[in-house]
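Protein chains: 2
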Amino acid sequence: MSTDVTVAQSAPGPRTGRRRLVKVLPEDARRHNKSLVLQALFPEAELSRADIARMTGLTRVTVSDLVGELAEEGLVRELGQKESKRPGKPGTLLSINPYARVLVALDLSDSETLNGALVDLSGRVLSRDAVTIGGAVGETAVTATIELAQKLVAVADRPVLGVGIGTPGMVDADGVVLHAPNRSWESVPLRERVAEALELPVLVSNDADAAARAEHSYGGRAETVLVVHVALGVGAGLFINGKLVHGHRSAAGEIGHVSIQDDGVLCACGKRGCLETFTSVPALRAQLDELTGEPTDLSQRAAILSGAGEKLSRVVAPLVAAIDFDEIVLSGPLDLLGGDLVDSVRENVRMRTRSAFRNDVPVRTTDLGEDTVLLGAAAMVLSGQLGVS
Amino acid sequence: MSTDVTVAQSAPGPRTGRRRLVKVLPEDARRHNKSLVLQALFPEAELSRADIARMTGLTRVTVSDLVGELAEEGLVRELGQKESKRPGKPGTLLSINPYARVLVALDLSDSETLNGALVDLSGRVLSRDAVTIGGAVGETAVTATIELAQKLVAVADRPVLGVGIGTPGMVDADGVVLHAPNRSWESVPLRERVAEALELPVLVSNDADAAARAEHSYGGRAETVLVVHVALGVGAGLFINGKLVHGHRSAAGEIGHVSIQDDGVLCACGKRGCLETFTSVPALRAQLDELTGEPTDLSQRAAILSGAGEKLSRVVAPLVAAIDFDEIVLSGPLDLLGGDLVDSVRENVRMRTRSAFRNDVPVRTTDLGEDTVLLGAAAMVLSGQLGVS
DNA sequence: CATAATTGTTCACTTTATTAACTTATTGTT
DNA sequence: AACAATAAGTTAATAAAGTGAACAATTATG
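Protein sequence lines correspond, in order, to chains A and B. So the first sequence is numbered by the numbering used here: it starts at 9 and just counts up by one. So the second sequence is numbered by the numbering used here: it starts at 9 and just counts up by one.
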C-alpha cells in the first residue's frame with residue numbers, strides 16, 4: 009500500500025522528458041509530522057498530546073517534542089486540563105492559537121475591484137480592504153495588487169504568514185499568470201513581483217482553483233470535489249484526493265469554452281455553443297433582463313435558469329462519471345445559481361449518470377458566500393506554509 | 009512548494025469523517041529514496057552512482073549505500089566502466105537486472121478466456137498461459153483465476169515479486185471487486201483470495217485502470233493521461249500527476265453509462281442513449297455486421313466508426329477541458345478503434361475544446377497492442393512492490 | 001610528468017524517532 | 001485511608017538515516 013505524503017521542499021524545476029526524482033530526508037519527514045500535529049488540531053479541535061499520538065501513530069515522546077517546537081513558535085497553546093471520568097492523569101488540552109499569525113488574502117476575480125482581507129489561522133476575516141481599479145489592466149493592475157497587499161500588511165499587528173492570491177486566468181506552478189484576458193496579462197510573474205515587493209511568501213492560483221480549495225478546507229471538507237465557479241466566465245477547480253489538479257500545461261479547469269451545441273451562437277473564442285454563452289453571469293443577466301416582471305415571466309425565469317443548468321450538466325456529467333467526486337459545488341452569485349439552476353444541474357447530472365451501484369453525487373451551492381475565493385487564497389497560504397488543509 | 013512523495017506503508021483504514029493522518033518515519037524516507045534509485049535506472053538506463061546522486065540530489069555516499077542494498081537483493085548489477093573523454097576516475101555503470109524477479113500478470117477482461125503471463129522487470133513477457141472459462145461466473149471464476157496464477161507461479165524459475173490482476177468491474181482500494189456484472193461478482197475479495205492461495209503480494213485493479221497504468225509506465229509515459237478502454241463496455245482509467253484516480257467510492261472511470269443522447273436507445277442500465285450503446289465493441293460489431301461489403305458499404309463503415317467517435321468525444325471533450333491531459337489513449341480492438349474512429353475522436357475533441365492558448369491534446373490508439381491490461385497488471389506490481397513506475 | 005578532475009569509500013557527526021523506565025495525577029476498591 | 005490500576009507526559013539510552021570532510025583510485029590535459 010502506498011500513501012501520499014506532502015513534504016515541503018524547494019521549488020520544483022521544469023518538467024523535462026525524464027521524470028523528476030525528489031529525495032526525502034529525515035528532516036522532511038519531521039516537517040511532515042509537525043504538520044500532522046497542526047492538521048489534527050486544525051478543525052477547532054482540543055486534543056491532548058496523547059490523543060494526537062493515537063491519531064497519528066507517532067509516540068507520545070515524539071508528539072511532545074513536536075508540540076514543544078510548535079508552542080515555541082506560538083502556533084500551539086495549552087488550554088488546561090481535560091476533565092475525564094476515567095482513571096489516569098488527565099491530559100493537557102492543546103489547540104491552535106488562531107491569533108499567532110495573520111494571512112493576507114487577495115481576490116482579484118472582480119473586474120472593477122480588487123478585494124483583500126487579513127485572515128487569522130482559523131479562516132476568520134479580521135479586516136477588509138479593496139481598491140477600485142476601474143478596468144485597469146496590465147502593469148497598472150499589478151501595482152494595484154501590490155499596493156493592496158502592502159496596505160493589508162501595514163494593518164497587521166501580528167507576524168504575517170504569507171500572501172495568497174486568487175486571480176482570473178491560467179496560472180502555472182511558479183505563480184506566473186500565463187494568460188488573463190480581462191487583465192491583459194500574458195506571462196506575468198505575479199508571485200515573484202509581489203514577493204519581491206513584500207518580502208513575504210506569496211502563493212498564486214486561479215480563482216476557480218482557490219474556490220475549490222476553500223471548499224476543501226472550510227466547506228464540505230471533501231477530498232475529491234469539483235467546484236464550478238460562475239462569474240464573467242465559467243471555470244472549474246478540481247481537488248482530487250486532497251490535491252489540486254493543475255493539468256499538463258496549467259490549463260485544468262478551463263471548461264467555459266467547451267462547445268456543447270454545434271449550432272449554438274458564436275463565442276468570442278471562435279467556436280459555437282460554448283458553455284459560457286449559456287451559463288456565465290453576463291449571459292444569464294442578458295437573458296433575464298429581457299423579462300418584464302409579469303406573472304408569465306416568472307416561469308420564463310425558471311426556464312432560463314433550468315436551461316442554463318441543463319447545459320452545465322452536459323459538461324459536469326462526464327466529469328462526475330469519470331472522477332466520482334464526493335460532491336459538486338457551485339460558486340458565484342447565489343441569486344442566479346441557487347434555486348432553479350442548481351436544482352437543474354442536480355437533476356440533469358442525475359439523469360445522465362444514475363446507476364444502481366453508485367449513489368447520486370450531491371450538488372449544492374457554496375456555503376461560503378462571496379468569500380469563496382478569498383478564503384481559498386488564505387487556505388493556500390495555510391497549506392503552503394504550514395502544511396495544513 | 010510542496011512535492012508529492014510516495015511512501016510504502018501499512019494498509020490504510022476506512023475513510024471516516026476525519027481525514028487520515030499518516031506519519032512518515034526516516035525509514036519511510038529511506039524506502040522512498042531506494043525506490044528513487046530504481047526509478048532512475050528503470051527506463052533501461054545505465055548510470056553510475058555519481059549520476060544517480062546528481063539526478064536525485066542525494067549524496068554519493070547515500071547512493072552507494074542504497075545501491076549496495078539493491079545489489080545484495082540482486083535488483084541492481086554492475087555492468088562495467090563508463091568510458092568517458094573527461095578527466096577523472098570513470099564511473100561504474102549500473103543497471104536494473106531485469107531477470108532478478110518475475111511478476112505474474114493476469115488480464116481477466118475477456119469474457120471467455122482468462123489470460124496470464126510471466127513478465128520480467130523490464131516488462132518483457134517471458135511466457136503466457138490462459139484458461140478458457142466459457143462464461144463461468146461467481147466462485148468458479150475465482151478459482152479459475154487462482155489456478156491460472158498458480159500455474160504461472162509454478163513455471164517461474166526466479167523469485168516471484170507479486171501478482172497483478174486487471175479485472176472488469178469496480179474495484180476498491182483493498183482489492184475487493186465491488187461489482188462486476190459479467191462475472192456475477194459482488195463484493196468479492198479477490199486480492200485476499202488470491203493472496204491466501206499463493207502466499208504472495210497481490211494487487212488488483214479495474215482493467216481500464218490497468219490499461220491507464222500501462223500507458224503511464226510503458227507507453228507515452230505521460231504523467232496525466234486518460235485511457236479509454238473499449239471492450240464489452242466502455243471504461244476509462246485516469247492517471248493524474250502520476251497517480252491513479254479511484255474516486256470517492258472507487259467508481260472513477262465508469263463513463264460507459266453517461267447518457268449523451270436523451271432520445272437514444274434504451275440501455276440495460278435503464279437510461280437512454282448511454283455511451284455504451286454507441287461505442288462498445290458489441291454495439292459497433294452489431295452495426296458493422298449489417299453491412300454486406302459492397303463499395304457503398306465502405307463509406308458506410310467509415311460513417312459508423314466516425315459517428316461512434318463523435319459520441320465518445322462528447323464525453324471526452326469535457327474531461328480534456330477540465331483536466332488538461334498530456335494525452336488521450338484508446339485501447340481495445342485496433343481494427344475498430346484505429347483509423348476512422350480515433351480520427352473522429354481527435355477531430356471532434358479538437359472542435360469542442362480548441363483554444364488559442366492551449367495546444368490540441370494528442371489522441372492516439374495504444375502502442376501496446378493486446379497486452380495493455382496485462383502490462384498494466386505487471387506495472388501495478390512494480391509500482392506497489394518496488395515503488396517504480 | 002605534474003595537475004586538475006572525478007568517482008567511490010571511510011569516518012565522525014547530526015537529526016529523528018523509538019523503546020523502556022519513571023514521575024505525576026486521577027479513579028476505583030478494599 | 002491505603003492501595004492498585006490506569007493514563008499522561010517526560011527523561012535517557014539506542015538505532016537508523018543522511019551529511020560533510022577527507023582520502024584513495026583513476027583518468028585527461030598541458
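The beta carbon of each residue, even a glycine, is placed where N, CA and C say it ideally should be.
CB contact below 8 Å: residue i versus chain B
i, result
"A:Glu262", "yes"
"A:Gly255", "yes"
"A:Lys279", "yes"
"A:Met388", "no"
"A:Ile331", "yes"
"A:Asn123", "no"
"A:Asn190", "no"
"A:Gly76", "no"
"A:Thr64", "yes"
"A:Ala162", "no"
"A:Ala37", "yes"
"A:Pro34", "yes"
"A:Ala316", "no"
Pair within 8 Å by beta-carbon distance, residue i and residue j
i, j, result
"A:Gly241", "A:Gly264", "yes"
"A:Gly76", "A:Ala222", "no"
"B:Pro106", "B:Leu87", "no"
"A:Val253", "A:Leu345", "no"
"A:Gly228", "B:Lys31", "no"
"B:Gly183", "B:Val210", "yes"
"B:Val202", "B:Ile154", "yes"
"B:Val71", "B:Leu49", "no"
"A:Ala244", "A:Gly261", "yes"
Nearest candidate by alpha-carbon position, reference residue i, set the options
i, options, result
"B:Arg322", "A:Gln269, A:Gly174 and A:Leu46", "A:Gln269"
"A:Ser267", "B:Thr300, B:Ile312, B:Leu342 and B:Leu327", "B:Leu327"
"B:Ala113", "B:Thr67, B:Gly142, B:Val161 and B:Asp297", "B:Val161"
"A:Ala402", "A:Gln295, A:Ser195, A:Arg362 and A:Ser56", "In the structure displayed, chain A extends from 9 to 397; residue 402 of chain A sits before or after that span and is not available."
"A:Ser117", "A:Arg94, A:Val168, A:Gly177 and A:Gly146", "A:Gly177"
"B:Leu283", "B:Ala386, B:Val196 and B:Lys319", "B:Lys319"
"B:Val289", "B:Arg62, B:Asp343 and B:Asn190", "B:Asp343"
"B:Gly317", "B:Leu55, B:Asp351 and B:Gly131", "B:Asp351"
"A:Val233", "A:Ala330, A:Gly143 and A:Leu156", "A:Ala330"
"A:Asn123", "A:Gly172, A:Val357, A:Met359 and A:Arg366", "A:Gly172"
"A:Asp332", "B:Ser258, B:Gly142, B:Thr300 and B:Arg366", "B:Ser258"
"A:Gln295", "A:Gly278, A:Ser314, A:Cys277 and A:Lys279", "A:Ser314"
"A:Leu394", "A:Gly255, A:Val235, A:Arg109 and A:Thr374", "A:Arg109"
"B:Ser119", "B:Leu134, B:Ile104, B:Val133 and B:Thr140", "B:Thr140"
"A:Ala220", "A:Glu35, A:Ala37, A:Ala387 and A:Arg27", "A:Ala387"
Neighbour flag for residue i against chain A, beta carbons, 8 Å
i, result
"B:Thr11", "The predicted position of B:Thr11 is uncertain, since its pLDDT is 41 and thus under 50; a value taken from the coordinates is nonetheless stated next. Answer yes: the Cβ-Cβ gap between B:Thr11 and chain A drops below 8 Å somewhere."
"B:Pro22", "Residue confidence for B:Pro22 is low, a pLDDT of 30 falling below 50, so the modelled location carries little weight; the figure read from the coordinates is stated next. False, the Cβ-Cβ gap to chain A never drops below 8 Å."
"B:Ser363", "yes"
"B:Gln308", "no"
"B:Asp334", "yes"
"B:Gln47", "yes"
"B:Arg366", "yes"
"B:Ala203", "no"
"B:Ala216", "no"
"B:Ala259", "yes"
"B:Ala244", "yes"
Interface residues of chain A facing residue i [CB-CB closer than 7 Å]
i, result
"B:Ile248", "Ile248 and Val253"
"B:Thr232", "Gly255 and His256"
Rounded distance between the beta-carbons of residue j and residue i, thought under 8 Å
i, j, result
"A:Ala152", "A:Leu126", "With 8 Å as the limit, A:Ala152 and A:Leu126 do not qualify as a contact, their Cβ atoms being about 18 Å apart."
"A:Asp73", "A:Val381", "Between A:Val381 and A:Asp73 the Cβ distance is about 38 Å, and since that is not below 8 Å, they are no contact."
"B:Val396", "B:Leu111", "Between B:Leu111 and B:Val396 the Cβ distance is about 11 Å, and since that is not below 8 Å, they are no contact."
"B:Ser213", "B:Gly174", "6 Å"
"B:Arg57", "B:Arg68", "6 Å"
Under 8 Å by beta carbon: chain A residues contacting residue i
i, result
"B:Ser267", "Ala325, Met359, Arg360 and Thr361"
Chain B contact residues for residue i, given Cβ-Cβ distances below 8 Å
i, result
"A:Glu220", "What sits at residue 220 of chain A in the sequence shown is Ala, not Glu. Chain B residues near A:Ala220: none, gap ~11 Å exceeds 8 Å."
"A:Ala385", "Per Cβ cutoff of 8 Å: no residues; A:Ala385 is ~17 Å from chain B at best."
Proximal chain B residues relative to residue i, where beta-carbon distance stays under 7 Å
i, result
"A:Lys31", "Asn41, Leu44, Thr64, Gly65 and Leu66"
"A:His187", "Phe365"
Any non-hydrogen atom of the ligand HEM within 7 Å of residue i CB
i, result
"B:Val371", "The model depicted lacks the ligand HEM and carries no ligand whatsoever."
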